[in-house]
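In the UniProt record's numbering, the protein residues as written are 1 to 323.
Only one structure is covered here, and it is reproduced in the block below.
Here it is in structure tokens:
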């Protein structure tokens, strides 16, 4: 070499002598040390076809790659593989992910949610300290696999077009009731059968909820949702006779009730224990044990999130939020 030996150049550039030899040979053959362009396999789709796939996935979020195969074949008269379709959509930053589950919501629901959050967004922690958040939940003995997927970009998980609206429930299950506050939680109530107004009064309000509210002090407030048993006339009269203050609640608002996150946590803990031989009696016992095991620090952290929850709903004008 003109300015030194191959080993010297290899040491200078931090590569092996064989690499220097290969570069030298390439230069003598091609007159250049850069790699020449490689043709590779030509794309199976044109830019116009790529746009068609992207727009189809954005317009019909719940279409599977197989459904998009059919739409593409109807439009262009040829068939692409499902993997090719996924590759094109991934290139457009679209990914098929399990849809977040959210309750069905109307424009009136959104207006009520927005109004409620505007009224409570400035509450401080001392005001939320008086509130007992309560709710019922169902837990399946055998999980129903109802996986709905949607094509979405990053940050779109809770966009209305990418969520799965929940309107019904099915399966063998156990219904429970619980209440939480900034400073504690009630015992978990196992509800036998379906919940009605009499059961709500006799098994929940009278023995559990009312004593807990009294423990919070004279300014305590009951928060329960608009389920029919909660809003029965004689339940209203019963609570008024005990001078129990009740918070107005906007419908279709699980993201505003922090106890919903505890139901998620409880469900995960129980699913980790359920086996093929688990009975309904076992499930009831597991639910009570896992509820009791939830640390108060976790409960308090959820209640302190109320201002952020209200701010999030106001920011999206009443639509569902990540909470």
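Where is the CB? At the ideal position from N, CA and C, for every residue including glycine.
The structure presented is a predicted model; accordingly, all values stated were derived computationally and were not measured.
Terminal residues of the continuous beta strand (DSSP E) containing residue i?
i: residue 140; result: 131-140
i: residue 150; result: 149-152
i: residue 175; result: 173-181
i: residue 189; result: 189-191
Have a look at residue i and residue j and give me their C-alpha separation to the nearest angstrom.
i: residue 368; j: residue 85; result: There is simply no residue 368 to check, as the chain begins at 1 and stops at 323 in what is shown.
i: residue 126; j: residue 225; result: 22 Å
i: residue 326; j: residue 83; result: In the structure as shown, the chain begins at 1 and stops at 323. Residue 326 is therefore absent and cannot be evaluated.
i: residue 189; j: residue 289; result: 12 Å
i: residue 218; j: residue 184; result: 17 Å
i: residue 232; j: residue 197; result: 6 Å
i: residue 16; j: residue 29; result: 21 Å
i: residue 130; j: residue 216; result: 6 Å
i: residue 112; j: residue 251; result: 8 Å
i: residue 74; j: residue 205; result: 60 Å
i: residue 241; j: residue 132; result: 19 Å
i: residue 12; j: residue 5; result: 11 Å
i: residue 244; j: residue 269; result: 34 Å
i: residue 162; j: residue 322; result: 12 Å
i: residue 43; j: residue 137; result: 51 Å
i: residue 93; j: residue 63; result: 16 Å
i: residue 53; j: residue 60; result: 10 Å
i: residue 176; j: residue 58; result: 39 Å
i: residue 266; j: residue 45; result: 47 Å
i: residue 305; j: residue 90; result: 35 Å
i: residue 21; j: residue 8; result: 12 Å
i: residue 235; j: residue 119; result: 26 Å
i: residue 76; j: residue 48; result: 11 Å
i: residue 192; j: residue 107; result: 35 Å
i: residue 259; j: residue 102; result: 15 Å
i: residue 121; j: residue 246; result: 18 Å
i: residue 200; j: residue 307; result: 29 Å
i: residue 276; j: residue 195; result: 27 Å
For the alpha helix (DSSP H) that residue i lies in, which residues bound it at each end?
i: residue 24; result: 17-30
i: residue 294; result: Run containing residue 294: none; DSSP gives neither H nor E here.
i: residue 123; result: Per DSSP, residue 123 belongs to no alpha helix (DSSP H) and is neither H nor E.
i: residue 366; result: Residue 366 lies beyond the range of the chain shown here (1 to 323); nothing can be said about it.
Thinking residue i and residue j are a contact (beta carbons under 8 Å), I'd like their distance in whole angstroms, please.
i: residue 134; j: residue 239; result: With a Cβ gap of about 12 Å, residue 134 and residue 239 do not count as contacting.
i: residue 280; j: residue 141; result: 6 Å
i: residue 139; j: residue 302; result: Rounded, the Cβ-Cβ distance is 19 Å, inconsistent with contact.
i: residue 294; j: residue 256; result: That belief does not hold up - the Cβ atoms of residue 294 and residue 256 are roughly 20 Å apart, past 8 Å.
i: residue 50; j: residue 88; result: 5 Å
i: residue 97; j: residue 150; result: 7 Å
i: residue 117; j: residue 310; result: 4 Å
i: residue 34; j: residue 319; result: With 8 Å as the limit, residue 34 and residue 319 do not qualify as a contact, their Cβ atoms being about 53 Å apart.
i: residue 313; j: residue 114; result: 7 Å
In or out: residue i buried (at least 16 other Cβ within 10 Å) or exposed?
i: residue 172; result: exposed
i: residue 169; result: Bear in mind that a pLDDT of 43 at residue 169, under 50, signals an unreliable position, so the number given afterwards is only what the model happens to contain. Result: exposed.
i: residue 31; result: exposed
i: residue 317; result: exposed
i: residue 123; result: exposed
i: residue 324; result: Lying before the first or after the last residue shown, residue 324 is absent from the chain, which here runs from 1 to 323.
i: residue 315; result: exposed
i: residue 359; result: Outside the shown range of the chain, which is 1 to 323, sits residue 359, and nothing can be said about it.
i: residue 213; result: buried
i: residue 104; result: exposed
i: residue 186; result: buried
i: residue 179; result: buried
i: residue 253; result: buried
i: residue 65; result: buried
i: residue 181; result: buried
i: residue 272; result: exposed
**Prompt:** Whole alpha helix (DSSP H) runs in the region 195-282 with 4 or more residues, listed along the chain?
**Reply:** 210-216, 233-241, 259-271
**Message:** If we require 4 or more residues per run, which alpha helix (DSSP H) segments fall completely within the region 31-113?
**Reply:** DSSP runs (the alpha helix (DSSP H)) wholly in the region 31-113: 47-59, 65-76, 82-91.
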